[in-house]
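One structure below.
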Amino acid sequence: MVPGSSLRRVRERLGLTYRDVERASYEVAQRRGRRDFIIRLSRLADIENGGVTPSLYKLYSLCAIYHLDLLEVCQWFEVPLTEYLRDAVEQPAPNTHVLATHDGQTAPAAATSREPPLDRSPAPTRTTFLRPQAQGWDALSVALSEGPSRYRMGFIGTEDHWMEPLLRPGSIVLFDPTRRRVENSGWPNEFDRPIYFVELREGYRCCWCSRDRDRLVLQPHPLSRCVPEMPKFPDEAEILGQVVGMAMRLFAA
Numbered sequence: 047m048v049p050g051s052s053l054r055r056v057r058e059r060l061g062l063t064y065r066d067v068e069r070a071s072y073e074v075a076q077r078r079g080r081r082d083f084i085i086r087l088s089r090l091a092d093i094e095n096g097g098v099t100p101s102l103y104k105l106y107s108l109c110a111i112y113h114l115d116l117l118e119v120c121q122w123f124e125v126p127l128t129e130y131l132r133d134a135v136e137q138p139a140p141n142t143h144v145l146a147t148h149d150g151q152t153a154p155a156a157a158t159s160r161e162p163p164l165d166r167s168p169a170p171t172r173t174t175f176l177r178p179q180a181q182g183w184d185a186l187s188v189a190l191s192e193g194p195s196r197y198r199m200g201f202i203g204t205e206d207h208w209m210e211p212l213l214r215p216g217s218i219v220l221f222d223p224t225r226r227r228v229e230n231s232g233w234p235n236e237f238d239r240p241i242y243f244v245e246l247r248e249g250y251r252c253c254w255c256s257r258d259r260d261r262l263v264l265q266p267h268p269l270s271r272c273v274p275e276m277p278k279f280p281d282e283a284e285i286l287g288q289v290v291g292m293a294m295r296l297f298a299a
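Numbering-wise, this note's numbering comes out as the position in the sequence shown, counting from 1, plus 46.
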């Protein structure tokens with residue numbers, strides 16, 4: 047399927063002329079405050095007949111004007127946005143971080159305006175924070191999450207050894223954003239001790255936690271050789287949720 051021809055068929059089915067599309071794109075550009083959304087007549091002809099790939103802004107305008115699903119249209123151009131999460135977790139990155147998703151929404155309420163200006167491109171060496179969606183999840187992730195809306199998802203960076211060997215680098219964790227109260231005691235063994243996903247100014251930690259007055263004690267696994275940290279709470283650290291599940295490789299791929 048040629049993307050340009052498919053877009054032309056949709057336009058003709060809607061009864062829109064080139065000039066109609068150009069005029070509508072001006073309205074989108076005005077509404078969004080960027081001239082990049084404008085699709086001029088010559089550019090539309092190039093897209094439909096010349097095999098030209100539209101920019102992100104122009105593709106957005108076309109989907110809005112034609113009432114198309116942006117994810118589906120990206121598939122026409124062989125950009126599999128619904129497979130983003132599957133590809134992202136396969137790319138190594140050293141640090142723990144939040145992983146941006148393709149749904150176009152803002153970060154979950156757990157992530158406040160204090161969120162650090164991290165690179166939003168996939169950086170799987172860092173521990174990441176993922177927003178669950180039915181589309182794009184593999185079967186294991188969907189099964190662990192019990193649905194696309196209950197939990198949030200994190201990726202433990204390939205150079206994040208804080209909870210090793212209990213939680214290996216490169217693991218995927220599910221955490222419940224409604225469970226943020228730190229428990230200082232009450233668990234019978236290390237496997238039952240709550241693990242928390244924590245946002246710091248410089249990144250993220252996935253580890254055991256305890257409270258010491260105005261400090262949040264971030265406790266690594268004793269076999270990891272990492273050093274505990276004590277950021278101020280809640281000024282320098284925020285509990286995003288308690289880990290309720292994990293998917294972990296036992297051997298390197």
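For every residue, glycine included, the Cβ atom is placed at its ideal position computed from N, Cα and C.
{"Query": "CB of R251 within 7 Å of CB of L264, strictly", "Result": "yes"}
{"Query": "For Q288, the three-state DSSP class (helix, strand or coil)", "Result": "strand"}
{"Query": "The region 75-94 touching the region 114-132, judged by at least three CB pairs closer than 8 Å", "Result": "no"}
{"Query": "Pairwise C-alpha distance: L90 and G96", "Result": "9 Å"}
{"Query": "Buried versus exposed, by CB contacts within 10 Å (16 or more), W233", "Result": "exposed"}
{"Query": "Nearest-angstrom Cα separation, counted from S107 out to G216", "Result": "37 Å"}
{"Query": "Same chain, Cβ closer than 7 Å to E205, neighbours up to 5 away in sequence not counted", "Result": "P140, N141, T171 and P215"}
{"Query": "Span separating the alpha-carbon of F201 from that of L220", "Result": "9 Å"}
{"Query": "Same chain only: Cβ atoms within 6 Å of L116, ignoring 5 sequence neighbours per side", "Result": "C109"}
{"Query": "CA nearest to the CA of P268, picked from V228, L213, D222 and G249", "Result": "L213"}
{"Query": "Residue environment, G76, which counts as buried when at least 16 other CB atoms sit within 10 Å", "Result": "The amino acid at residue 76 is misidentified as Gly; the sequence shows Gln. Counting Cβ neighbours within 10 Å, Q76 comes out exposed, since fewer than 16 surround it."}
{"Query": "Residue closest to M276, alpha-carbon to alpha-carbon, out of R261, P266 and C253", "Result": "R261"}
{"Query": "Beta-carbon gap between W208 and P266 smaller than 7 Å", "Result": "yes"}
{"Query": "Helix, strand or coil at Q179 [DSSP, three-state]", "Result": "Low confidence applies here, because Q179 scores a pLDDT of 48, under 50, leaving its location unreliable and the question unanswered by this model."}
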